[in-house]
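Heads up, the thing below is written out as structure tokens.
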Amino acid sequence: MTALLEIDELLDALESGLRRILSERGVESPLLIGIRTGGVWLADALGKRLGIEQPYGELDISFYRDDFSRIGLNPRVTPSSLPFDTEGRDIILIDDVIMSGRTIRAAMNEIFDYGRPASIILATLIDMGARELPIQPDVVGRALTLEAHQRVKLRGPEPLRIELQESGQ
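Count along the sequence shown from 1, then add 464; that gives the number in the numbering used here.
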């Protein structure tokens, strides 16, 4: 499966897809926001590839999750950091894997607490397609279907790599 998940090919797909959408929409100076942790690593890589010089933002959506009351606080929660004003700006929101859509919903809720952006473009490295909410990425590195006992995990930050994890069947 490693050949299917070559990180450089996935980043190339994200970069070209983002360039196309930015051009189509006439977006000239987008802000990048990565969802911790994999989305932050991807925001760094994509910012360099796209020539975006403004620092990227980092979201820790732990307090915005709709299952917060059930699962409690992750002991590694760190504050979000948005070193810019989001009001009226075009945002590229980046996550490593999209599955149910709940993480993205939480991230958008947090972004709107900082201000109302003009637009949000959603980019994700891997789309698992198991939506529980009607949230779809604008750009995807690769859509992937795994067995119930398999998971995909982005590791990094240097080097970025994708691991296929198998649990007991």
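Each residue gets a CB set at the ideal place from its N, CA and C atoms; glycine is no exception.
Spatial neighbours of residue i in its chain, beta-carbon cut-off 6 Å, leaving aside the 5 residues before and after
i, result
"Ala507", "Leu496, Gly498, Tyr520, Ile558"
"Pro675", "Only positions 465 to 633 of the chain appear in the structure, and residue 675 is not among them; the question remains open."
Cβ pair residue i, residue j closer than 8 Å
i, j, result
"Ile525", "Glu470", "no"
"Arg464", "Ile584", "This structure leaves residue 464 out entirely; the chain is present only between 465 and 633."
"Ile599", "Arg569", "yes"
"Gly620", "Trp505", "yes"
"Val719", "Val561", "Nothing can be reported for residue 719, as the shown portion of the chain is limited to 465 through 633."
Status (buried if at least 16 other CB within 10 Å, exposed otherwise) for residue i
i, result
"Glu522", "buried"
"Asp476", "exposed"
"Thr567", "buried"
"Arg500", "buried"
"Leu482", "buried"
"Leu597", "exposed"
"Ala571", "buried"
"Thr542", "exposed"
"Ala509", "buried"
"Gly511", "buried"
Beta strand (DSSP E) segment containing residue i, residue limits
i, result
"Arg606", "603-607"
"Thr588", "583-591"
"Val616", "614-619"
"Glu504", "Before going on, a small fix: residue 504 reads as Val here, not Glu. Here Val504 belongs to no beta strand (DSSP E); instead the alpha helix (DSSP H) covers 502-514."
"Leu495", "495-499"
"Ile556", "554-562"
"Leu597", "Element bounds for Leu597: n/a, residue is neither H nor E."
"Leu628", "625-630"
"Leu475", "Counting along the chain, Leu475 falls outside any beta strand (DSSP E), though it belongs to the alpha helix (DSSP H) covering 471-489."
Close Cβ partners of residue i (< 7 Å) along its chain, the five nearest in sequence each way excluded
i, result
"Val604", "Thr588, Asp591"
"Ala582", "Gly552, Arg553, Asp554"
"Arg595", "Ser564, Gly565"
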